[in-house]
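A.B. asks: Sharing a structure with you now.
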Amino acid sequence: MCGIVGYIGKRPATDILLDGLRRLEYRGYDSAGMAVVHDGDIRTAKSVGRVANLAQAVGQSRPSGTVGIAHTRWATHGVPSDENAHPHVDCQGGIAVVHNGIIENWETLRRGLESRGHVFRSQTDTEVLAHLIEEYASRLTLKDALAAALKDVIGTFGLALVSAAEPRRIYVARRGSPIVLGLGPKGDEFYVASDPSALVAYTRDVVYLDDDELAVLSDVGVETTTLDLVHREKPITKIDWTMEEIERGRFPHFMAKEIFEQPAVAANVVRGRLDAAGGRAVLGGLASVDERLRKIERITIIGCGSAAHAGLVGEYMIEEYAEVPVEVQLASEYRYRRTVLDPEKEAVVAVSQSGETADTLGALREAKARGALTLGIVNAVGSTVARETDAGVFIHAGPEIAVASTKAFLGQVIAFSLLSLHLGRQRRMSAQVGERLVAELHALPQKIEKILQQDAKIRALARKYSGYGGMLYLGRRYNAPVAAEGALKLKEIAYVHAEGYAAGEMKHGPIALLDRSFPVVALATKDGVYAKMRSNLEEVRARQAPILAVVSEGDEEVLRLADDVIAVPRTIEMLSPILNVIPLQLFAYHMAVARGLDPDKPRNLAKSVTVE
Ligand code: M6R
């Protein structure tokens, strides 16, 4: 959550910082601010609300300094306001800090600093950093002061700092919140960001900081050390994203663009990974652990939100096709239960678009510490989950900017189908079953295109349903998690209360909600539980609740029961979530638009949740 960007070079920093903030706005958008070093002074500007407000506040009188840091905020401590926006400065205004993460012992630190005369201006945890560094800097060099201050801190940080005393330097440090450094192509400009999407317009060469590392950016380069100031040599990574991938193009919102990218995503996830003749998946990212995978007798999948829903689909897939027992655990719960884990026989699969979700990382580290084989299903290539897992499968969905996950969910589910195929063929799955699955995976992009062609129809349906205050989403077996995913999309961007349920559970409680004013969205495609699903819809019909059903092309029976239907092409049941989720994504998107909301920036949310 929150976005950081910083620049040191030859050009005025302000425009580069504002551009970086606009690209990072999806990380947090309740306020924004920047600090530019100008004629030996620190000039700060802050504004509550979007980056556009900050740009307006900076106006024509922008400082021409060529060193600066900036931040877009998602509030944790203190309401969104000008005072609480970053950067935060020390008493003299000579040190400015932007920070992602949470300083857990901030109250204790603040009390101590106040008792020693420091005057605070905000309610944030971050401001203690500026004052603490100021205090140490009275007797140490700035670098030593930063390292000393960070020793006093309990919590997480990705931070950047500028100081009037060292006007040609930016200091950065990381523990728990991502930081990436950008190296300008001519060697005379350097960048820092919390996310590579802020850097793509300027450079492709980046260095990812690891936890407990510190870096100093100057006019001549980047020096990296541990927080104990021991030198660290860091590899340079190439970002392969294109500018088109991080821009909205012809679409009104990133969410729409990302939904429409899904045929390409379905092709990318499987590209070079399917052996049609052998009915196998070729997963290079798992090659190093293949022998260990053969012996695995149990899998735990961890993730949050949509990633956890993808994991639930994966659970059905792996159990059916590879016959390995699977359990899905919410990452936020995993660490706090007494999980029984046999490191010899268990693999833990962390699923994450960003690869930076604090809860997922925490759970992953717990599993690693206990000796489990850890795998990642990740989108962001240089991310922490990708780097900390033993092996994994990248989904190659390209940058996902909209807060609501769409193409990443789709990529994760397809990655699970590849994993199931791989594990299945290592065990008892026949080549024939494998071949069928490979053929169906190849056919997905075209089928997804067909669903997207119904966009106008789904928009009209969304308008029709946009006045309802709540909805129940129902699905069975593979599509029970899809119901949960559809409901999550609706609540997070359209602010309509929605519950996703396994349809069989409806009669155990939620049916009490149903009447004419409470629609049901049903996943009723032709599969092994189709007849059961139809019976559930009869029960809904009897309560006179409106029904919007996702059905298989050519199905006449559900037509009789439902008020509205969206037809999707047929596929094997295992892959049906990949097609069935798309109408639900479009429906939520159009509901948000119909209700006058910005689907890309839902209230109270941010793209990457890097706090617990
Ligand atoms: O980056 P991750 O996949 O780890 O993110 C997990 C969740 O925060 C994420 O899926 C969230 O639930 C989305 N907003 C859902 O659309």
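Heads up: the sequence shown begins at 12 in the numbering used here, then just goes up one per residue.
Cβ coordinates follow ideal geometry from the N, Cα and C atoms, glycine included.
#1: Does the distance from the C-beta atom of Gly-445 to that of Arg-291 stay below 8 Å?
#2: When you measure from the CB of Thr-621 to every non-hydrogen atom of the ligand M6R, does any distance come out below 7 Å?
#3: Taking Cβ positions, are Val-369 and Glu-623 nearer each other than 8 Å?
#4: Taking all protein chains shown into account, decide if Asp-3 is buried (16 or more other Cβ within 10 angstroms of its Cβ) or exposed.
#5: Just to confirm, are Ile-15 and Val-109 a CB contact at a threshold of 8 Å?
#6: Please work out which residues of its chain come closer than 7 Å, Cβ to Cβ, to Gly-104, disregarding the five sequence neighbours upstream and downstream, and give them in chain order.
#7: With Asp-611 and Phe-262 assumed to form a contact (beta carbons below 8 Å), what rounded beta-carbon distance in angstroms separates them?
#8: Taking contact to mean 3 or more Cβ pairs, one atom from each stretch, closer than 8 Å, check whether the region 337-355 and the region 370-380 are in contact.
#9: Using DSSP's beta-bridge definition, name the partner residues of Arg-291.
#10: Taking 8 Å as the CB-CB limit, is Gln-555 close to chain B?
#11: Decide if the region 457-468 is in contact with the region 593-601; the criterion is three or more beta carbon pairs, one per stretch, under 8 Å apart.
#12: Do you know whose CA, among Val-592, Pro-410 and Val-389, lies nearest Asn-490's CA?
#13: Does the region 455-463 touch the region 269-278, meaning 3 or more C-beta pairs lie closer than 8 Å?
#14: Out of Leu-172, Ile-270, Gly-486 and Val-360, state which residue places its alpha-carbon closest to the alpha-carbon of Arg-185.
#15: Taking Ala-321 as the reference, which of Val-48, Gly-497 and Ala-617 has the closest Cα?
#16: Which value, in whole angstroms, describes the spacing of the CA atoms of Pro-354 and Val-414?
#17: For Asp-222, count neighbouring C-beta atoms within 10 Å of its own C-beta (all shown protein chains included) and say buried if the count is 16 or more, exposed if not.
#18: Closer than 7 Å to a non-hydrogen atom of the ligand M6R - does that hold for the CB of Leu-285?
#19: Since Thr-25 is in the alpha helix (DSSP H), which residue starts that stretch and which ends it?
#20: Leaving out five residues on either side along the sequence, give the residues of the same chain with a beta carbon under 8 Å from the beta carbon of Val-62.
#21: Quick check: the Cα distance between Leu-220 and Asp-163, rounded to an integer number of angstroms?
#22: Spell out the partners DSSP gives Leu-192 in its beta bridges.
#23: Whether or not the region 545-558 and the region 522-535 are in contact is what I'm after, with contact meaning three or more pairs of Cβ atoms, one per stretch, closer than 8 Å; do they touch?
#24: Taking only runs that begin and end inside the region 303-340, name each unbroken beta strand (DSSP E) of 3 or more residues, in chain order.
#25: Buried or exposed for Leu-65, going by 16 or more other Cβ atoms inside 10 Å?
#26: Opposite Ile-558 in the DSSP bridges: which residues?
#27: Got a sec: does the ligand M6R put a non-hydrogen atom nearer than 7 Å to the Cβ of Thr-371?
#28: Does the beta carbon of Ser-365 fall short of 7 Å from some heavy atom of the ligand M6R?
#29: Does the structure place the region 576-592 close enough to the region 529-536 that three or more beta carbon pairs sit under 8 Å?
#30: Considering only residues of the same chain and omitting the five flanking positions on each side of Ala-287, which have a CB-CB separation below 6 Å?
#31: Kindly examine the ligand M6R and report whether one of its heavy atoms sits closer than 7 Å to the Cβ of Val-359.
#32: Skipping 5 residues on each side, what residues in its chain have a beta carbon closer than 6 Å to that of Leu-157?
#33: Less than 8 Å separating the beta-carbons of Ala-573 and Leu-559?
C.D. replies: By the coordinates alone:
#1: yes
#2: no
#3: Going by the sequence as given, residue 369 is Ala instead of Val. Against a cut-off of 8 Å, the Cβ pair of Glu-623 and Ala-369 comes out as a contact.
#4: Outside the displayed span of the chain (12 to 623) sits residue 3, for which this structure offers no information.
#5: yes
#6: Ile-53
#7: Contact doesn't hold; Cβ gap of about 10 Å is too wide.
#8: yes
#9: Asp-286
#10: As a matter of chain content, chain B is missing from the structure shown, which is built from one protein chain.
#11: yes
#12: Val-592
#13: yes
#14: Leu-172
#15: Gly-497
#16: 35 Å
#17: buried
#18: no
#19: 24-35
#20: Leu-29, Leu-32, Arg-33, Glu-36, Tyr-40, Ala-43 and Thr-83
#21: 21 Å
#22: Val-203 and Val-218
#23: yes
#24: 309-314
#25: buried
#26: Val-531
#27: yes
#28: yes
#29: yes
#30: Val-449
#31: no
#32: Ile-144 and Tyr-182
#33: yes
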